[in-house]
Amino acid sequence: MITSDFVMAAVLLPFLGAAFISISDARPNLRDGFTISFGILLIIVVYSIAPEVLNGEHPETQGYNVLPGLSIRFEVEPLGMLFAMIASGLWIINSIYSIGYMRGNDEPRQTQFFTAFAIAIASTIGIAFAGNLFTLFLFYEILTLSTYPLVTHKGNDTARAGGRMYLVILLSTSVLLLLPAIIATYFMTGTLEFQVGGVFDPLMSTGLFGLMSFLFIYGVGKAAVMPVHRWLPAAMVAPTPVSALLHAVAVVKAGVFTIVKIIIYIFGIDLFATAGSTSWVVYVAGFTVITASVIALGQDNLKRRLAYSTISQLSYVVLAAAIATPLAIIGAALHIAAHALGKITLFFAAGSIYTAAHKTEISQMNGIGRRMPITMIAFGIGALSMIGIPPTAGFLGKWYILSSAMTSADIFVLFVIFVSTLLNAAYFVPIVYNAFMKPEDARPDHEHGESPWPVVLALSLTALGSIALFFYPDVPLSLAEQLVRN
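Take 308 as the starting number for the sequence shown in the numbering used here and just add one per residue.
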């Protein structure tokens with residue numbers, strides 16, 4: 308009973324935090340105090356649930372019936388536990404960073420920003436702990452709507468245009484593809500509950516199985532599988548803390564988490580692996596990995612390069628989930644965690660550079676490592692993680708995916724991993740090299756050092772976290788292994 312209450316509290320706490328943040332508009336220090344306080348409370352509650360899940364239990368809440376056959380219900384399985392631990396842990400760090408960034412850049416509408424941010428985290432926890440497809444869809448849509456004002460935060464024409472693309476693509480894919488897939492699942496199986504082994508009949512026709520896989524994969528637009536990826540670069544008009552939220556804490560992670568969860572608990576790993584009509588997912592994901600990496604290589608704007616890097620890295624998770632072998636599923640789960648730490652570090656560093664030096668283009672950053680050594684060292688650690696080089700967490704997921712491909716002699720997957728790793732190095736390593744080894748092209752328009760201390764503290768914590776996860780992967784690895792033992 309106590310754990311069940313904690314599950315509900317984890318979903319409701321950020322909503323309550325949003326309410327307290329919104330009423331403290333006139334007192335910024337109090338508002339920021341509420342942001343930090345509710346972040347700490349959420350970590351305590353979420354991590355209090357973890358021991359029970361690590362012991363093989365699935366804490367759940369009693370469902371609230373909306374309509375016959377439709378209930379809002381929460382159940383914590385291993386993948387959701389891992390996602391919630393990532394989201395809650397990074398919320399508090401992102402909050403520290405956001406306070407320094409928003410104040411350092413004198414951003415407007417800061418109360419609206421932190422309120423929407425809290426609602427986005429609440430919906431993320433709702434997605435992580437969703438016990439059925441209806442609950443997941445409900446919080447998936449809340450996440451889209453709550454992050455829209457964050458994307459359009461700057462309020463200019465560019466921000467509004469980016470926000471429109473963001474909203475149109477994410478809502479159209481979910482309403483026109485994901486929702487019909489959920490409805491069809493209910494009529495074919497009589498349930499929307501997540502079940503170990505899946506809910507679909509193994510005797511389902513090949514064509515129908517392929518159609519359902521198409522509706523689910525492309526219905527989850529937040530996973531940014533090409534060609535429904537354009538919302539993500541468009542959203543880079545938002546402030547950097549929002550980019551970090553989109554790429555590391557909530558939105559894109561909600562996308563790949565949803566795909567992995569559907570493959571495990573709706574299709575079933577064994578059925579998805581053996582159904583001949585699902586192999587297309589592997590090839591589309593592999594195409595996205597390489598194509599996005601090539602596009603990233605040509606971007607001079609740092610945030611846009613990171614955006615296309617995210618599209619590529621997300622499809623590692625989709626690729627691994629689509630392979631649907633035990634090693635690949637473990638790799639998919641670990642890469643969700645590793646990418647979160649590595650990519651949030653990179654975006655934190657990009658925001659730090661903008662705050663201190665007012666630079667956004669990579670070509671402007673020669674020699675900046677001498678003025679901002681902590682920021683650029685952290686950036687280097689994040690970059691190594693994205694490439695997949697030890698001792699960073701990014702190595703873990705890639706190793707399991709690579710092991711799966713080698714075990715099955717999957718030449719296509721081996722090719723994708725090899726080529727994309729080289730491309731990752733090609734678009735990350737020169738940034739770090741130029742920052743430390745090249746002289747500044749010209750004297751900056753103002754003297755600067757590092758960004759405000761909250762910004763530097765946050766990016767240092769996530770960079771160290773990426774290294775720590777490499778050496779201490781026991782908890783996420785244990786949760787990931789449970790996915791293939793059940």
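Every residue gets a Cβ at the ideal spot worked out from N, C-alpha and C, and that includes glycine.
Beta-bridge partners of Leu374, as assigned by DSSP: Sequence index remark: in the sequence shown, residue 374 carries index 67 (1-based). Leu374 is bridged to Leu377.
Run through DSSP, which three-state label would Ala742 get? Residue 742 sits at position 435 when you count from the first residue of the sequence shown. Reduced to three states, the DSSP call for Ala742 is helix.
Taking Cβ to Cβ, would you say Ala629 is nearer than 8 Å to Val588? Taking the sequence shown and counting its residues from 1, the one referred to as residue 629 is at position 322. Taking the sequence shown and counting its residues from 1, the one referred to as residue 588 is at position 281. Yes.
Rounded C-alpha distance that separates Thr496 from Ile684: Counting from one through the sequence shown, the residue named residue 496 turns up at place 189. Counting from one through the sequence shown, the residue named residue 684 turns up at place 377. Approximately 52 Å between the Cα atoms of the pair.
Alpha carbon to alpha carbon, how far is Met672 from Met744? Give it in angstroms, no decimals. By one-based count along the sequence shown, residue 744 stands at place 437. By one-based count along the sequence shown, residue 672 stands at place 365. Spanning the two alpha carbons is a distance of roughly 11 Å.
Would you mind working out which of Val532, Ile328, Ile489, Leu768 sits nearest Phe420, comparing C-alpha positions? Locating residue 420 in the sequence shown gives position 113, counting from the first residue. Among Val532, Ile328, Ile489, Leu768, the Cα nearest to that of Phe420 belongs to Ile328.
Identified DSSP bridge partners for Asn401: For this step, residue 401 is matched to residue 94 along the sequence shown. In DSSP, Asn401 forms no bridge with anything.
By a C-beta neighbour count over all protein chains shown, 10 Å radius and 16 as the cutoff for buried, is Met388 buried or exposed? By one-based count along the sequence shown, residue 388 stands at place 81. By the 10 Å Cβ count, Met388 comes out buried.
Please work out which residues of its chain come closer than 6 Å, Cβ to Cβ, to Val429, disregarding the five sequence neighbours upstream and downstream, and give them in chain order. Along the sequence shown, read from residue 1 onward, the residue named residue 429 stands at position 122. The amino acid occupying residue 429 in the given sequence is Ala; Val does not appear at that position. Contacts found: Pro321, Phe322.
Nearest CA to the CA of Ala644: which residue from Ser710, Tyr779, Ile379? Here the question's residue 644 lines up with position 337 in the sequence shown. Checked all of Ser710, Tyr779, Ile379; the closest Cα to Ala644 is Tyr779.
Integer-rounded CB distance, given that Thr442 should sit under 8 Å from Arg380: Taking the first residue of the sequence shown as 1, we reach residue 380 at position 73. Taking the first residue of the sequence shown as 1, we reach residue 442 at position 135. Rounded, the Cβ-Cβ distance is 6 Å, consistent with contact.
Close beta carbons around Ile400, own chain, < 7 Å, minus the five adjacent residues each side: On the sequence shown, residue 400 is found 93 positions in, with the first residue counted as 1. Cβ neighbours of Ile400 beyond the five flanking positions: Ala765, Leu768, Thr769.
N- and C-terminal bounds of the alpha helix (DSSP H) containing Pro780: Stepping through the sequence shown from its first residue, residue 780 is reached at position 473. Pro780 -> no alpha helix (DSSP H), and no H or E assigned at all.
What residues are listed by DSSP as bridge partners for Asn608? Within the sequence shown, the letter at position 301 stands for residue 608. Paired residue(s): Glu668.
Can you tell me whether Ala437 is helix, strand or coil according to DSSP? In the sequence shown, residue 437 corresponds to position 130, counting from 1. In the structure shown, Ala437 sits in a strand (DSSP, three-state: E or B).
Every unbroken alpha helix (DSSP H) within the segment 559–608, with a cutoff of 4 residues, ordered by chain: 576–581, 586–604
With a Cβ-Cβ cutoff of 8 Å, do Tyr447 and Thr480 count as a contact? For the purposes of this step, residue 447 is identified with residue 140 of the sequence shown, where counting begins at 1. For the purposes of this step, residue 480 is identified with residue 173 of the sequence shown, where counting begins at 1. Not closer than 8 Å, so no.
When we look at the beta-carbon of Gln620 and count the other beta-carbons within 10 Å, is it buried (16 or more) or exposed? Position 313 of the sequence shown, counting from 1, holds the residue named residue 620. Looking at its Cβ environment, which holds 16 or more other Cβ atoms inside 10 Å, Gln620 is buried.
Can you check whether the C-beta of Ala700 is within less than 8 Å of a C-beta belonging to chain D? Considering every chain present, this structure includes no chain D. It has just one protein chain.
For Glu500, the three-state DSSP class (helix, strand or coil): As a working mapping, residue 500 is identified with position 193 in the sequence shown. Three-state DSSP puts Glu500 in a strand.
Starting from Lys529, trace the alpha helix (DSSP H) both ways and give me its first and last residue. On the sequence shown, position 222 is the one that residue 529 refers to. Where Lys529 is concerned, there is no enclosing alpha helix (DSSP H), given that its DSSP letter is neither H nor E.
List the DSSP bridge partners of Glu747. Counting from 1 along the sequence shown, the entry for residue 747 is found at position 440. In the DSSP output, where bridge partners are listed per residue, Glu747 has none listed.
Would you tell me roughly how many angstroms separate the C-alpha atoms of Glu747 and Ala663, rounded to the nearest one? Residue mapping note: residue 747 aligns to position 440 of the sequence shown, counting from 1. Residue mapping note: residue 663 aligns to position 356 of the sequence shown, counting from 1. Going by the C-alpha atoms only, they are around 15 Å apart.
Which residues DSSP lists as bridging Glu384, in chain order: Start at 1 with the first residue of the sequence shown, and residue 384 comes out as number 77. DSSP lists no partner for Glu384.
C-alpha gap between Leu510 and Thr581, whole angstroms: Along the sequence shown, one-based indexing puts residue 510 at 203. Along the sequence shown, one-based indexing puts residue 581 at 274. Taking the straight line from one Cα to the other gives about 12 Å.
Keeping to the same chain, check which residues put their C-beta closer than 7 Å to that of Ser670; ignore five residues upstream and five downstream. In the sequence shown, the residue the question calls residue 670 occupies position 363. Once the five neighbours on either side are set aside, the close Cβ partners of Ser670 are Asp607.
What residues in its chain sit with their C-beta under 8 Å from that of Ile347, if we drop five residues either side in the sequence? By one-based count along the sequence shown, residue 347 stands at place 40. Answer for Ile347: Ile399, listed in chain order.
Top-ranked residue by Cα proximity to Met253, from Ile432, Gly689, Ile738: For the chain, the structure presents residues 308 to 793; residue 253 sits outside this window and is missing.
For a minimum of 4 consecutive residues, which ranges assigned as the alpha helix (DSSP H) are wholly contained in the segment 442–499? 464–480, 486–496
Excluding the 5 residues preceding and the 5 following Gln789 in the sequence, name in chain order all residues of the same chain whose CB lies nearer than 6 Å to its CB. Stepping through the sequence shown from its first residue, residue 789 is reached at position 482. Here the set comprises Pro385.
If you follow the alpha helix (DSSP H) that Ala712 is part of, which residue opens it and which one closes it? By 1-based counting over the sequence shown, the position of residue 712 is 405. Segment 701–715, the alpha helix (DSSP H) holding Ala712.
Does the distance from the C-beta atom of Ile566 to that of Val625 stay below 8 Å? Translated into the one-based positions of the sequence shown, residue 566 becomes position 259. Translated into the one-based positions of the sequence shown, residue 625 becomes position 318. Yes, the pair counts as a contact, with Cβ atoms nearer than the cut-off.
Considering just the uninterrupted stretch of the alpha helix (DSSP H) at Leu348, what are its terminal residues? In the sequence shown, residue 348 corresponds to position 41, counting from 1. It spans 335–361 - the alpha helix (DSSP H) in which Leu348 sits, taken as one unbroken run.
Rounding to the nearest angstrom, what Cα-Cα distance links Ala542 and Tyr623 in this structure? As a position in the sequence shown, residue 542 is number 235, starting the count at 1. As a position in the sequence shown, residue 623 is number 316, starting the count at 1. Cα to Cα, Ala542 sits roughly 21 Å from Tyr623.
Between which two residues does the alpha helix (DSSP H) containing Leu510 stretch? The residue you call residue 510 lines up with position 203 of the sequence shown. Looking at the DSSP string, Leu510 is not in any alpha helix (DSSP H), and its letter there is neither H nor E.
Taking one C-beta from the segment 473–487 and one from the segment 444–460 each time, how about it: are there three or more such pairs within less than 8 Å? yes
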